[in-house]
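Peer 1: Reminder that position 113 of the sequence shown reads as 113 in UniProt numbering, one-by-one numbering, no gaps.
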Amino acid sequence: MELFTKRGYAGTSLDEIAKRARVTKGALYHHFSGKQALFEAAFDTVESHVFDRLEKIMNGPASPWERALAGLRGFLQSCLDPAYQRIAIHEAPVVMGWERWREAEERCSFGLVRTGIQSLIEVGEVDDVPVDVTARLLFGALSSAAIEIASSPEPKKVSAQVEEVLVRLLVGFRRVPPAEHGKAS
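#1: Consult DSSP for R175 and reduce its assignment to one of helix, strand or coil.
#2: Closest by CA to H131, which one among G116, S144, P155 and H30?
#3: Return the first residue and the last residue of the alpha helix (DSSP H) that G34 is part of.
#4: Please identify the residue among H49, K6 and S13 whose C-alpha is closest to the C-alpha of Q36.
#5: Along the alpha helix (DSSP H) that carries L3, what are the first and last residues, could you check?
#6: What does the Cβ neighbour count give for Y29, buried or exposed, with the cut at 16 atoms within 10 Å?
#7: Buried or exposed: S109, going by 16 or more other Cβ atoms within 10 Å of its Cβ?
#8: DSSP has V126 in a bridge; who is on the other side?
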């Protein structure tokens with residue numbers, strides 16, 4: 001994973017991977033069909049790490065609203081990780097192909113977004129919105145945010161800006177208590 005993070009897919013050879021792992025190329029081929037399979041294993045590792053972290057947050061003891069905000073912040077923090085940036089955001093769509101990459105992203109992340117939206121609706125934190133459409137749009141915004149952060153020369157600054165915008169977006173979905181309808185903001 002370290003070589004793919006530092007050098008990217010094209011800049012990493014099987015010889016280097018075997019040398020770093022202290023095995024022969026034959027041993028690599030025993031477990032992986034080639035460099036792409038090794039890359040996909042690295043991708044799965046990076047994605048699993050992010051998913052596990054976010055799943056813990058989303059299943060934590062806080063209120064659904066606080067879990068949603070913490071999940072957003074946890075995802076944005078992951079977008080600052082060089083391995084996630086290089087492997088999952090920059091390289092995977094090219095190496096794996098757009099369709100396979102999106103399928104993998106959806107398997108790992110979309111369910112968390114959808115479950116988060118559903119939980120917010122169930123406890124009355126947000127208005128009753130179409131769950132799948134809302135989750136799909138929010139997932140798209142998060143995917144775009146990841147690319148924006150990973151592509152920026154100032155990723156921490158952009159991450160903070162993205163957080164501000166996405167929190168405002170989420171707040172826009174919050175249910176307003178009946179007494180507050182009609183009040184000027």
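Cβ coordinates follow ideal geometry from the N, Cα and C atoms, glycine included.
Bear in mind that the values here come from a model prediction, so they are computed numbers and not experimental data.
Peer 2: Short version:
#1: coil
#2: In the sequence on display, residue 131 carries Val and not His. With distances taken between Cα atoms, V131 lies closest to G116.
#3: Here G34 belongs to no alpha helix (DSSP H), and DSSP marks it neither H nor E.
#4: S13
#5: E2 to R7
#6: exposed
#7: By the 10 Å Cβ count, S109 comes out buried.
#8: R174
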